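Engineer: If you're matching them up, the sequences are chains A and B in order.
According to our numbering, the residues represented by the first sequence are -3 to 287, in order.
According to our numbering, the residues represented by the second sequence are -3 to 287, in order.
We put the CB at the ideal spot given by N, CA and C, even for glycine.
In this text the structure is predicted, and so the values were computed from the model without any measurement.
Protein chains: 2
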Amino acid sequence: MFEQLGLIGCGLMGGSFALALKRAGLVRRIVGYSKSPSTTERARQLGVIDIEAPSALLATSGADLVLLAIPVAATEATLKAIRHLLTPNTLVMDVGSTKRDVVDAARRVLKMDMGGFVPCHPITGREVSGVENADPHLYVGKRVVLTPIERTRTQKLDQATTLWQALGCEVLRMSPEAHDAAFAAVSHLPHLIAFALMNSITGQAHGDSFLSLAGPGFRDFSRIAASDPQMWRDVLLANREELAAQSALFRQALDTFDQLIAAGQADELELLINRASHARASWSAATAGKV
Amino acid sequence: MFEQLGLIGCGLMGGSFALALKRAGLVRRIVGYSKSPSTTERARQLGVIDIEAPSALLATSGADLVLLAIPVAATEATLKAIRHLLTPNTLVMDVGSTKRDVVDAARRVLKMDMGGFVPCHPITGREVSGVENADPHLYVGKRVVLTPIERTRTQKLDQATTLWQALGCEVLRMSPEAHDAAFAAVSHLPHLIAFALMNSITGQAHGDSFLSLAGPGFRDFSRIAASDPQMWRDVLLANREELAAQSALFRQALDTFDQLIAAGQADELELLINRASHARASWSAATAGKV
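1) Comparing C-alpha positions only, which one of A259/B, M194/B and L239/B sits nearest to L233/A?
2) To be precise: take each residue of the stretch 132 to 160 of chain B, compare its Cβ to all Cβ atoms of chain A, and keep it if any distance is under 9 Å. Which residues remain?
3) Hey, V140/A and P118/A: beta-carbon distance below 8 Å or not?
4) Going along the chain, which residues of the stretch 168 to 179 of chain A sit with their C-beta nearer than 9 Å to a C-beta in chain B?
5) So what does DSSP say about R24/A, is it helix, strand or coil?
6) Beta strand (DSSP E) containing I4/B: first to last residue?
7) If I'm right that V287/A touches A210/B with Cβ under 8 Å, what's the distance once you round it to whole angstroms?
8) Candidates V23/B, R24/B, L8/B and A59/B: which alpha carbon is nearest S30/B's?
9) Can the beta-carbon of R280/B be found closer than 8 Å to that of L185/B?
10) Quick check on D46/B - is its C-beta less than 8 Å from some C-beta in chain A?
11) At 9 Å on the CB atoms, spell out the chain A contacts of A258/B, in chain order.
12) Suppose the cutoff is 8 Å on Cβ atoms and the five residues either side in sequence are ignored; what does the same chain contact list for H202/B look like?
13) What residues in its chain sit with their C-beta under 6 Å from that of R147/A, if we drop five residues either side in the sequence?
14) Give me the residue from P212/B, L239/B, I26/B and G121/B with the minimum Cα distance to F253/A.
15) Can you tell me where the beta strand (DSSP E) holding R139/B begins and where it ends?
16) Under the three-state reduction of DSSP, which class applies to M9/A: helix, strand or coil?
17) Since V127/B contacts A39/B with CB under 8 Å, what's their CB separation in whole angstroms?
18) Only counting runs of 4 or more residues, tell me where the alpha helix (DSSP H) segments fall wholly within the stretch 209 to 275 of chain B, in order along the chain.
19) For chain A, is any of its Cβ atoms less than 8 Å away from the one on L209/B?
20) Below 8 Å between beta carbons: does that hold for I45/A and A181/B?
21) Could you tell me whether the Cβ of S34/A comes closer than 8 Å to any Cβ of chain B?
22) Would you call the CB atoms of I26/B and T74/B closer than 8 Å?
23) When you compare only the Cα positions, how much space is there between Q155/B and F(-2)/B?
24) Roughly how many angstroms separate the alpha carbons of G164/A and G121/A, rounded to a whole number?
25) Q200/A CB to nearest chain B CB: under 8 Å?
26) So which of T94/B, Q161/B, V231/B and I145/B has the shortest CA-CA distance to D176/B?
27) Since T71/B contacts V62/B with CB under 8 Å, what's their CB separation in whole angstroms?
28) On the criterion of 16 or more Cβ atoms from any shown chain inside 10 Å, does Q161/B qualify as buried, or is it exposed?
29) Hey, how far is the Cα of K138/A from the Cα of E123/A?
30) What does a CB cutoff of less than 7 Å around S223/A pick up in its chain, not counting 5 residues either side in sequence?
31) With a 10 Å radius around its C-beta and 16 neighbouring C-beta atoms as the bar for buried, classify A284/B as buried or exposed.
32) Who does P118/B pair with in a DSSP beta bridge?
33) Mind checking who D90/B pairs with in its DSSP beta bridge?
34) Residues in the same chain with beta-carbon distance under 6 Å from E329/B, minus the five sequence neighbours each way, listed in chain order, please.
35) Can you name the residues that DSSP bridges to I47/A?
36) Residues of the stretch 110 to 132 of chain A in Cβ contact with chain B at a cutoff of 7 Å, in chain order, please.
Okay, here's the thing in C-alpha cells:
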C-alpha cells in the first residue's frame, strides 16, 4: 500500500495507472499534475486523481510513489523539477516507450540518487489518448519491461515488480539497450511506417477517394497511425539510431519484394510471402492471450 | 432465387459466399469444385456445398450462377475450362482483389460472350484462409465493388447488384482501372509492407526475441501478413504497375520522415505525425460501421 501517488502526466497511460492502482486498493491518495491545467482538472472531475497539483514538484511532495507518464523528451526537465522532494523512500517509475534516453536523463539529473528510479515500459496502449480514455484495465494481462541499471536498488526493483504484478502484469527485465533495439523493430518502425503510409495516400490527388474504399485489412494495419503525435515525435527521435537501422533492413526486405514483383518471379515471391505468413501465424500462436 | 451455384474454389471467400447464399435462401443447390479434391470433400462434409464436382466444367454444368473464388492468376484457365457450358442465362462473377487482369482474361476467353460476366471485389476477408473458416456473415455489412465494362449486359449487372445487396452488402461501381489504382494504395501496398516487415524482423539474429516482445500495436499492424500466400502472390503480380507507383510514393513519405528524424527536427516531425494521425482518425469516423 502506498500513501501517495504523485502522478505526473494525467493522459491515457498515467490516468489508467491511477485508476488501476485505486481499483487494486494499493494507494491512499493520488495527487496529479498535467502540463495543461484543464487536463489536471478534468482528471479530478473524472475521479482519476484526488487532488490537483499546480506543479510536478507539488505532486511529488509527500509521495512515496511517483509515476512519470509524459512524452519521453520531458523526462529530464521533469526530474530536475522534482528531485529536491525525492527521498530514499520514494519509488519513481516512468512508462516511456524508449529506455536508453530515459535512463540517460535520470543519470544526468539524479546522479548518485538514481537508485530509486525504476525505468518501466508497459507494453500496452490504445490509438486514442487523453484522460477521457483512461481505463483501469489497460494494464491487466499485459507485459511490463523493467530496464534497471547497475545503480538501481534491488529493493526498489522488487517493489516495482510486485506493484506491476499486483496490477495483473507479467514483468520482464532487460537492459535499456536491448529494450530499445527490440522495440525499434516491433513498435517504433511499424508506427513510422503507418504514419508514412497515411501521408503517402492523403498526399495524392485521389487519396481521399482511395481511402473511402479501404477495408478491414487497412483498418487494422493503419490503426497505430492515429497514435498521439507528441508522444511519438519523442519516441522516434529518442531511438533514432536503432530506428534507422531497422528502417534500412525493412527497405532491403521491401526492395527484394519489389524486384521479384517487377521480374514476375512468382515462385520466389510466393516463398517470401509464405515465410512472412508463417512467421505471423507462429507469433500469433505463441503470444495468444498475452497481446 | 438461383437454381444452381457452380462454386469454383471452395476456400474462405467462396465457402463464405456459399453459406451466405444458402442462409439467404437464394439458391436450390450448390455444386462445388476445388483444385484439391480433399478441399472439395471437406466443403461437402461441412455443408458448404451440396455436391462435389470433379472439375470446374462439371460444377458449371446446369448452373445459372457461377462464382470464381480462386487466385486471380487462375482466372483465364478456369474460364477456358468452363466456357462451353456457359449460357446467355448464366451469371458469372469473381471475387478477385484485382480487376484489370481479371477483365482482360475474361475478354480474351469469352470474347463476344462476356456480357454475362460481372467482375466483383467484395471488400472483406480474414487473415485465415480455407473452407474451415468459411463464415456466412463474412459479407454482411461490407462493400462490394463491381467493375463492369462496356460489354457487360445491364441485366446481368443489375442481377449481380441485387444478389450482393440481398447478402447485406453495399454495392459500388467503378472502372477496373480506378479500382486497381485505389486498392494498390489501400490494400496491396499495406500487404506488401506487412510481408516485408515480418521478413525483415525474422531475418535478423535477434528477430525471434524481438518478436516475443511485440504488443497490441504490432498485432494489428501485422495481422494482414498472415494472409494467404498464393492469393497474394497473384494480386501483387497482377497489379504490379499500380503497386510500384504506390510503393515509390510510400518510400518518398518514409524518406521525408527518416530525414526529419536524422536531423532531429522535432516540430516538423510532429506536424507530419499529426497529419497522419488526423487522417487516420477522420477515416475511422467516416467509415464507422462499414469497415
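Structural biologist: Inspection of the coordinates gives the following:
1) A259/B
2) K138, R139 and V141
3) yes
4) L168, M170, A174, H175, A177, A178 and F179
5) strand
6) F(-2) to I4
7) 7 Å
8) L8/B
9) Looking at the sequence shown, residue 280/B is not Arg but Ser. No, they are not a contact pair.
10) no
11) R236 and A240
12) none
13) M110 and G111
14) L239/B
15) R139 to L142
16) helix
17) 5 Å
18) 212 to 218, 225 to 234 and 236 to 258
19) yes
20) no
21) no
22) no
23) 11 Å
24) 15 Å
25) yes
26) T94/B
27) Actually they are not in contact, since the Cβ atoms of T71/B and V62/B sit about 12 Å apart, beyond 8 Å.
28) exposed
29) 16 Å
30) E123 and H187
31) exposed
32) V140/B
33) L64/B
34) Since the first residue shown for chain B is -3 and the last is 287, residue 329/B is missing from the structure and cannot be characterised.
35) V27/A
36) I119, T120 and G121
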